[in-house]
Amino acid sequence: MIFRAGIWPPVINQAAYPPGWSHLRNFSPNRSATVHHRRNLCSRLRNQRSRCRNPSRQALKSRVHVPRNRCSRSSGIPTNVGTWEWNVQTGETRFDDRWAAITGHSLDELLPLNIQTWRRLTHSGDMVRSDALLKQHFAGRTPYFDCEVRMRHKDGRWVWVLSRGRVCAWVGDRQPALMAGTLMDITERQTAQLALRNSEEHFRQLFETSLECILQTRPDGQVLNANAAACELFGMSVEELRARGRGGLVDPGDPRLQALLDERQREGKTRGELRMLRGDGTAFECELSSSIFLDSDNAPCANIVLRDITARKRSEARIARLNAELEQRVGRRTAQLEASNRDLQEFAHSVAHDLRQPFIAIGGFSGLLERRVTDDRARHYINRIKAGVRQAGELTEALLALANLSRVQLRVQAVDLSAVAHSVMDALQQEEPARTRSIRIQEGLLVQADAMLLRLVMQELLGNAWKFTSRQKHTEISFGLQPAPAAGTEAVYVVSDNGEGFDMAHVDKLFRSFQRLHAPQDFPGAGVGLANIQRIIARHGGQIWAESARGEGARFFFTLGSPGA
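Heads up, the sequence shown is in my numbering, so the first residue is 1446 and it goes up one at a time.
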């Protein structure tokens, strides 16, 4: 019989008989070697019996001899298998070197060799089963003693062994006299079996306790098993699911089934949606994931994980309806807004155009009247009238510009922004050539934009800088690209001056129409210029913002993104 490190066979009718053996199976030692060895042992025993007539039990016990190193010399036994012999009556044992090596020892380290050697190495938890198996063999109920047990290795770990043997000599009223067998190290196999059992137990618990619905089927649609969640989903027991099969669980009118089956056959897995049928015949939408695997008989099976998505589908349908309604409402509101904007533009254009002639007439007659009036008080009133006419004219022009701005189509082309800035500043300096000034304009600034609209932007920004620096002893105005823009970011252009500046607490009013941060008598203007250039910058896909402090000048930044965005 075969023993692993730390296992020993029990002794029948002896005080030292060990009480247990563990279990491992499916090992058969080399038959030819075992039979040959057994015949030698039986022959020796018959010779002893022939020399002694009617010996006493104690005398026979002392005369049964176990040949020294006979097992170690047996031929045909694999090199990873050790051999053993046991005189059941005396407890004397013989092991070969390979038997000792399984436990990491040499034979000398195990001396003295007897039944206590096995007892010392065996795992106590494996003895009860081993004892029972040995008794069955002694009673003739099994042809072999065959047991898997644990033995203590020299390094302290436990190794699994398969011990197998057979009684080869009997004495008296069929009392076992001599046993022989083999011991094989099966630790790797046992470890693999343990890992497999743990894996199977893990999957079983996962299968049974999962909140997801799981079916196990054959590729032909036969249902093999279902977990509790699947039974609850379909409203059927496992037996009812097996009886129905795939044909009774999938809506026959769903064309998506064949495509999923084809994909699983081709790829080994699939994922999609199907319309399924419950036990009462009601249909529901289901999301599934399926994959093919081979069972223990190498037959293909499929795991199918299901999830009821009926509520999600209802929500998606409701959201789709709401989106469609929202698009219709937005379309109607957009059309109304566009019509309203057109009406406003036409009204502003009409009002501004119609007001120009009366303002021109008032201004002209005021000038004629001024020539005939000599009274200083009357001249003051006439000057007030002329100032009001000028302001009304500026507002009229601003309304026309605002109305026309939305109508202008962008004509994107290459624009030399530096040249435009020079042209605007030259025109401003001609109006006041005596002003002390320092003008800095960065050269080589080329952009893709609408030339006419970009000129309006530069006229407004540089014109404001010129206007709000009029009270400074020395005017300083600069225009250029903000230094070191990060790679991949938009270029930022900046117009700066040393003029009056403004309070940043009111910056939100800066780009609103007809909003002013300074009194008209201090700095004239209609208050729509910055609002217009913000619209121009926005039509080019850019942004504009400002930084300032009262009395410390102002800086206006703008970008030019994708025109028309």
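Note that the Cβ used here is the ideal one computed from N, Cα and C, for glycine as well.
Looking at residue i and the ligand COA, is the gap between the Cβ and the nearest heavy atom below 8 Å?
i: residue 1940; result: In the structure on display, the ligand COA does not appear, and there are no ligands present to speak of.
Pull the bridge partners of residue i from the DSSP assignment, please.
i: residue 1567; result: 1596
i: residue 2012; result: The chain is shown from 1446 up to 2010; residue 2012 falls before or after that span and cannot be answered.
i: residue 1910; result: Residue 1910 pairs with nothing; no bridge assigned.
i: residue 1528; result: 1627
i: residue 1731; result: 1719, 1753
i: residue 1895; result: 1857
i: residue 1748; result: 1661, 1736
i: residue 1621; result: 1615
i: residue 1607; result: 1593, 1629
i: residue 1938; result: 1926, 2003
i: residue 1990; result: 2002
i: residue 1548; result: None, per the DSSP bridge assignment.
Which word fits residue i, buried or exposed, when buried means at least 16 other C-beta atoms lie within 10 angstroms of its C-beta?
i: residue 1543; result: buried
i: residue 1538; result: buried
i: residue 1924; result: buried
i: residue 1995; result: exposed
i: residue 1479; result: The pLDDT assigned to residue 1479 is 41, lower than 50, so where the model puts this residue is not dependable, and the model offers no usable value.
i: residue 1828; result: exposed
i: residue 1600; result: exposed
i: residue 1775; result: exposed
i: residue 1591; result: buried
i: residue 1484; result: Below a pLDDT of 50, predicted positions are generally treated as unreliable, and residue 1484, at 49, falls in that range; the measurement from the model is reported next regardless. Exposed, because fewer than 16 other Cβ atoms sit within 10 Å of the Cβ of residue 1484.
i: residue 1498; result: Only weak support is given to the placement of residue 1498: the predicted model assigns it a pLDDT of 35, under 50, and the value that follows is read from those uncertain coordinates. Exposed: under 16 other Cβ atoms inside 10 Å.
i: residue 1564; result: buried
i: residue 1809; result: exposed
i: residue 1742; result: exposed
i: residue 1873; result: buried
i: residue 1991; result: buried
i: residue 1647; result: exposed
i: residue 1760; result: exposed
i: residue 1567; result: buried
i: residue 1692; result: exposed
i: residue 1535; result: buried
i: residue 1607; result: buried
i: residue 1779; result: exposed
i: residue 1575; result: buried
i: residue 1662; result: buried
i: residue 1458; result: Any reading at residue 1458 is ruled out, since the residue's pLDDT is 36, under 50, leaving its predicted position unreliable.
i: residue 1541; result: buried
How close, in whole Å, do the beta carbons of residue i and residue j come, if the pair is a contact with beta carbons under 8 Å?
i: residue 1749; j: residue 1713; result: Not a contact, Cβ separation roughly 14 Å.
i: residue 1724; j: residue 1680; result: 4 Å
i: residue 1751; j: residue 1658; result: 4 Å
i: residue 1857; j: residue 1894; result: 6 Å
i: residue 1609; j: residue 1603; result: Not really, about 19 Å apart at Cβ, beyond 8 Å.
i: residue 1709; j: residue 1735; result: 6 Å
i: residue 1921; j: residue 1883; result: 5 Å
i: residue 1632; j: residue 1527; result: About 14 Å; that fails the 8 Å criterion.
i: residue 1625; j: residue 1530; result: 5 Å
i: residue 2000; j: residue 1976; result: Actually they do not touch by this definition, with Cβ atoms about 19 Å apart.
CB residue i to CB residue j, shorter than 9 Å?
i: residue 1747; j: residue 1696; result: no
i: residue 1671; j: residue 1532; result: no
i: residue 1655; j: residue 1674; result: yes
i: residue 1926; j: residue 1898; result: no
i: residue 1981; j: residue 2004; result: no
i: residue 1594; j: residue 1630; result: no
i: residue 1946; j: residue 1997; result: yes
i: residue 1831; j: residue 1863; result: no
i: residue 1816; j: residue 1865; result: no
i: residue 1588; j: residue 1611; result: yes
i: residue 1686; j: residue 1721; result: no
i: residue 1869; j: residue 1892; result: no
i: residue 1711; j: residue 1733; result: no
i: residue 1718; j: residue 1764; result: no
i: residue 1993; j: residue 1952; result: yes
i: residue 1988; j: residue 1974; result: no
i: residue 1944; j: residue 1917; result: yes
i: residue 1825; j: residue 1881; result: no
Contact the segment 1581-1595 vs the segment 1555-1564: 3+ CB pairs below 8 Å: no
Segment contact, 8 Å Cβ cut-off, at least three pairs: the segment 1661-1673 with the segment 1630-1648: Too few Cβ pairs lie closer than 8 Å, so no.
Three CB pairs or more closer than 8 Å across the segment 1903-1920 and the segment 1937-1950: The segment 1903-1920 makes contact with the segment 1937-1950; the number of CB pairs closer than 8 Å reaches 3 or more.
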